[in-house]
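Asks: Going down the list, the sequences are from chains W and V.
Numbering-wise (my numbering), the first sequence opens with residue 1 and increments by one.
Numbering-wise (my numbering), the second sequence opens with residue 200 and increments by one.
Structure below; questions to follow.
Protein chains: 2
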Amino acid sequence: MTRRKSEEIRREEILEAALKCFSKRGYHDTRMDDIIKESGLSKGAIYWYFKGKRDIFIFLIEQHLEEDKIIWERLLKEYELGPDFLIKAGLLYLKKHFEDEKLSPFFTEFIAESYRDKRIRKKLNEVYKRWIEMVKEAFDMVIKEGKMKKFDTESLSISLIALIEGLVELKTIFGEKLKYEKIWRTFAKALLEGIQKGR
Amino acid sequence: MTRRKSEEIRREEILEAALKCFSKRGYHDTRMDDIIKESGLSKGAIYWYFKGKRDIFIFLIEQHLEEDKIIWERLLKEYELGPDFLIKAGLLYLKKHFEDEKLSPFFTEFIAESYRDKRIRKKLNEVYKRWIEMVKEAFDMVIKEGKMKKFDTESLSISLIALIEGLVELKTIFGEKLKYEKIWRTFAKALLEGIQKGR
DNA sequence: TGTAGTATACTGACTGGTCGGTTTATTTTT
DNA sequence: AAAAATAAACCGACCAGTCAGTATACTACA
Numbered sequence: 001m002t003r004r005k006s007e008e009i010r011r012e013e014i015l016e017a018a019l020k021c022f023s024k025r026g027y028h029d030t031r032m033d034d035i036i037k038e039s040g041l042s043k044g045a046i047y048w049y050f051k052g053k054r055d056i057f058i059f060l061i062e063q064h065l066e067e068d069k070i071i072w073e074r075l076l077k078e079y080e081l082g083p084d085f086l087i088k089a090g091l092l093y094l095k096k097h098f099e100d101e102k103l104s105p106f107f108t109e110f111i112a113e114s115y116r117d118k119r120i121r122k123k124l125n126e127v128y129k130r131w132i133e134m135v136k137e138a139f140d141m142v143i144k145e146g147k148m149k150k151f152d153t154e155s156l157s158i159s160l161i162a163l164i165e166g167l168v169e170l171k172t173i174f175g176e177k178l179k180y181e182k183i184w185r186t187f188a189k190a191l192l193e194g195i196q197k198g199r
Numbered sequence: 200m201t202r203r204k205s206e207e208i209r210r211e212e213i214l215e216a217a218l219k220c221f222s223k224r225g226y227h228d229t230r231m232d233d234i235i236k237e238s239g240l241s242k243g244a245i246y247w248y249f250k251g252k253r254d255i256f257i258f259l260i261e262q263h264l265e266e267d268k269i270i271w272e273r274l275l276k277e278y279e280l281g282p283d284f285l286i287k288a289g290l291l292y293l294k295k296h297f298e299d300e301k302l303s304p305f306f307t308e309f310i311a312e313s314y315r316d317k318r319i320r321k322k323l324n325e326v327y328k329r330w331i332e333m334v335k336e337a338f339d340m341v342i343k344e345g346k347m348k349k350f351d352t353e354s355l356s357i358s359l360i361a362l363i364e365g366l367v368e369l370k371t372i373f374g375e376k377l378k379y380e381k382i383w384r385t386f387a388k389a390l391l392e393g394i395q396k397g398r
């Protein structure tokens, strides 16, 4: 039998084991027995801490979204708003998604899952809304400072978020071959300068 | 017993019924009995035409990718390459994905599924590679004509494809509220002109 | 052009493995 | 001793897939 540990630590252990399994085999193909084996605990222990499989999944999603939220908030605090912000913020966020081998496959799956689950959909809705607002505020401020042309900043923000999510999705398909850093830098430069000649 | 029909028609009937079910409940939550009920056929009939549930799923994906391929090819033929192409091609592709109630929820799911299935991953890989190449060729031509500044056109192409895919994904979350047309037009304008002032 | 023979299309009751969750027993902590 | 935590045998609903048989269409031959 495994040594007793604090509730906090046990829950974390179980979540970690579950995440490992979900990212390897996907939510539906992961068996409770897999999580049990991976965690080194027993069925009783798992069901003591969580209601069931879906409950674990939801917890993981919430954890993940919380982490993302923290990243975005840190980004807005740490970096000076302005052209650089666009490049740096995007890079940092992408870096996290590209270099975390466990999260990125899991991420696409839970977007798919979200379509069916009211609770997840609502959560995602809130979080993305907030991100879009944050990026929009950044754009608005740069416009106010007279450093940027006037655009519908909401549309621009949605585009940027969509682009980032799209790259994460493409990573599912292309894997490591996708050089997100180069892509993002090129794109940001093009957006800042415009691609058309002689206007 | 249902009247006999040609093999072609029967397969199409089954695929259509399955698509309806998958888009409503998702791949994993769809039961063979759902497809049977929806198609009005019997279990035996379904298994006469397809090896099983996964086989049906794969067929639907291939059908879908084939349709997308045709759209892209038509776009490249019909529209004059140049600034307009960017706007029009993107819009048309987005329109298809946003207005097809059956495909768009299904789409995110099969990206998630693709991560696990070698056959699907390979297929997706080919198709996206081709799209990126097509858009890249378009950019290269515009640069050659002297209408566009020099950029790493591959990175730009990937960005555009990613943005489109990202918008489709965001649709899963925001639904009809997401005004893709406005977003895309704003973005395209920004990319063409650049967002920075006075450089 | 009727009929016997054969291939094809289809039916639906049944099966058997799977797997999320429950129960009961046991151990550890307070 | 009571409560909390863990172990693991067990349950049973569920569901993809099977199969023995039936109906329909096609073919060959008289």
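Cβ coordinates follow ideal geometry from the N, Cα and C atoms, glycine included.
1. Against chain W, does Asp233(V) count as a neighbour if the rule is that its beta carbon must be under 9 Å from one of theirs?
2. Return yes when the Cβ of Phe98(W) is within less than 9 Å of the Cβ of Leu60(W), no when it is not.
3. Please confirm if Tyr128(W) has its CB atom under 9 Å from at least one CB of chain V.
4. In chain V, which residues lie less than 8 Å from Leu124(W) when you measure between Cβ atoms?
5. Does Lys96(W) have its Cβ less than 9 Å from a Cβ in chain V?
6. Is Glu206(V) buried or exposed, if buried means 16 or more other CB atoms sit within 10 Å of its CB?
7. Determine which residues of the stretch 347–364 of chain V have a Cβ less than 8 Å from any Cβ of chain W, and write them out in chain order.
8. Do Thr229(V) and Ile111(W) have their C-beta atoms closer together than 9 Å?
9. Out of Glu212(V), Gly251(V), Trp247(V), Ser222(V), which one is the CA nearest neighbour of Met231(V)?
10. What's the gap between the Cα of Leu15(W) and the Cα of Ser42(W)?
11. Would you kindly work out how many angstroms separate the C-alpha atoms of Ala188(W) and Leu86(W), rounded to a whole number?
12. When the cut-off is 9 Å and only beta carbons count, does Ile71(W) lie next to chain V?
13. Would Phe386(V) count as contacting chain W if we go by Cβ distances under 9 Å?
14. What does Gln395(V) pair with, by DSSP beta-bridge criteria?
15. Taking only beta-carbon positions, decide if Gln196(W) is within less than 9 Å of chain V.
16. Residues of chain W with CB under 7 Å from Leu366(V), in chain order?
17. Determine the direct distance from the alpha carbon of Gly345(V) to that of Tyr379(V), and round the result to whole angstroms.
18. Where does Leu41(W) fall in DSSP's three states?
19. Do we get a CB-CB distance below 9 Å when we pair Thr307(V) with the residues of chain W?
20. Show which residues of chain V have a CB atom less than 8 Å away from the CB atom of Lys182(W).
21. Under a Cβ-count criterion, where at least 16 other Cβ atoms within 10 Å of its own Cβ denotes burial, should Ile208(V) be classed as buried or exposed?
22. Less than 9 Å between the C-beta atoms of Met134(W) and Leu94(W), yes or no?
23. Are there any heavy atoms of the ligand GTP lying less than 8 Å away from the beta-carbon of Glu392(V), as far as the coordinates show?
24. Verify whether the separation of the beta carbon atoms of Ala361(V) and Glu169(W) is less than 9 Å.
25. From the beta carbon of Ala138(W), is the nearest beta carbon of chain V less than 9 Å away?
26. In or out: Glu325(V) buried (at least 16 other Cβ within 10 Å) or exposed?
27. Using the beta-carbon count (16 or more within 10 Å), is Gly194(W) buried or exposed?
28. I think Ile58(W) touches Arg119(W), with their Cβ atoms under 8 Å apart; what is that distance to the nearest whole Å?
29. Going by DSSP in three states, His227(V) sits in which element: helix, strand or coil?
30. Determine which residues of the stretch 214–247 of chain V have a Cβ less than 8 Å from any Cβ of chain W, and write them out in chain order.
31. Would Glu392(V) pass as an interface residue toward chain W - the criterion being a Cβ-Cβ separation below 9 Å?
Replies: According to the structure data:
1. The residue labelled residue 233(V) in the question sits at position 34 within the second sequence. Cβ-Cβ to chain W under 9 Å: no for Asp233(V).
2. Start at 1 with the first residue of the first sequence, and residue 60(W) comes out as number 60. Start at 1 with the first residue of the first sequence, and residue 98(W) comes out as number 98. Taking 9 Å as the Cβ cut-off, Leu60(W) and Phe98(W) do not qualify as a contacting pair.
3. Along the first sequence, read from residue 1 onward, the residue named residue 128(W) stands at position 128. Chain V contact via Cβ: present.
4. Residue mapping note: residue 124(W) aligns to position 124 of the first sequence, counting from 1. Going along chain V in sequence order, the residues near Leu124(W) (Cβ under 8 Å) are Ile372.
5. By 1-based counting over the first sequence, the position of residue 96(W) is 96. Lys96(W) does not count as touching chain V.
6. As a first step, residue 206(V) must be located in the second sequence, where it is residue number 7. So Glu206(V) ends up on the exposed side.
7. Residues passing the 8 Å Cβ filter: Met347, Lys348, Phe350, Asp351, Ser354, Leu355, Ile357, Ser358, Ile360, Ala361, Leu362, Ile363, Glu364.
8. Indexing the second sequence from 1 puts residue 229(V) at position 30. Indexing the first sequence from 1 puts residue 111(W) at position 111. The beta carbons of Thr229(V) and Ile111(W) sit no closer together than 9 Å.
9. One-based indexing of the second sequence puts residue 231(V) at position 32. Taking the Cα of Met231(V) as reference, the smallest distance to any Cα among Glu212(V), Gly251(V), Trp247(V), Ser222(V) is reached at Gly251(V).
10. Against the first sequence, residue 15(W) aligns to sequence position 15. Against the first sequence, residue 42(W) aligns to sequence position 42. Distance between the alpha carbons of Leu15(W) and Ser42(W) is about 14 Å.
11. In the first sequence, residue 188(W) corresponds to position 188, counting from 1. In the first sequence, residue 86(W) corresponds to position 86, counting from 1. About 7 Å.
12. As a first step, residue 71(W) is located in the first sequence; it is residue number 71 there, counting from the start. The beta-carbon of Ile71(W) is placed no less than 9 Å from the nearest beta-carbon of chain V.
13. The sequence position of residue 386(V) within the second sequence is 187, counting from 1. Among the residues facing chain W, Phe386(V) is included, as its CB has a counterpart in that chain under 9 Å away.
14. Numbered from 1 along the second sequence, position 196 holds the residue referred to as residue 395(V). For Gln395(V), the pairing in a beta bridge is given by DSSP as Met148(W).
15. For this step, residue 196(W) is matched to residue 196 along the first sequence. Closer than 9 Å: yes.
16. For this step, residue 366(V) is matched to residue 167 along the second sequence. Near Leu366(V) (Cβ distances below 7 Å), the residues of chain W are Ala162.
17. Locating residue 379(V) in the second sequence gives position 180, where the first residue counts as 1. Locating residue 345(V) in the second sequence gives position 146, where the first residue counts as 1. Rounded to whole angstroms, Tyr379(V) and Gly345(V) show a C-alpha spacing of 30 Å.
18. Here residue 41(W) is taken as the residue at index 41 of the first sequence, counted from 1. Coil, per DSSP.
19. As a first step, residue 307(V) must be located in the second sequence, where it is residue number 108. Cβ-Cβ to chain W under 9 Å: yes for Thr307(V).
20. In the first sequence, counting from the first residue as 1, residue 182(W) sits at position 182. The contacting residues are Asp351, Ser354.
21. Within the second sequence, numbered from 1, the residue matching residue 208(V) stands at position 9. Residue burial is scored here from C-beta neighbours: Ile208(V) has fewer than 16 other C-beta atoms within 10 angstroms and is therefore classed as exposed.
22. As a first step, residue 134(W) is located in the first sequence; it is residue number 134 there, counting from the start. As a first step, residue 94(W) is located in the first sequence; it is residue number 94 there, counting from the start. Not closer than 9 Å, so no.
23. With respect to small molecules bound, the structure shown includes none, and the ligand GTP cannot be examined in it.
24. Translated into the one-based positions of the second sequence, residue 361(V) becomes position 162. Translated into the one-based positions of the first sequence, residue 169(W) becomes position 169. Taking a C-beta distance under 9 Å as the contact criterion, Ala361(V) and Glu169(W) qualify as a contact pair.
25. The residue labelled residue 138(W) in the question sits at position 138 within the first sequence. Interface flag for Ala138(W) against chain V is unset, since no Cβ pair is found closer than 9 Å.
26. The sequence position of residue 325(V) within the second sequence is 126, counting from 1. So Glu325(V) counts as exposed.
27. Along the first sequence, one-based indexing puts residue 194(W) at 194. By the neighbour-count rule (16 or more Cβ atoms within 10 Å), Gly194(W) is buried.
28. Against the first sequence, residue 58(W) aligns to sequence position 58. Against the first sequence, residue 119(W) aligns to sequence position 119. So it is a contact: roughly 7 Å between Cβ atoms.
29. Looking up residue 227(V) in the second sequence gives position 28. Reduced to three states, the DSSP call for His227(V) is coil.
30. Listed in sequence order: Arg224, Gly225, His227, Asp228.
31. Here the question's residue 392(V) lines up with position 193 in the second sequence. Closer than 9 Å to some Cβ of chain W, the Cβ of Glu392(V) qualifies, so yes.
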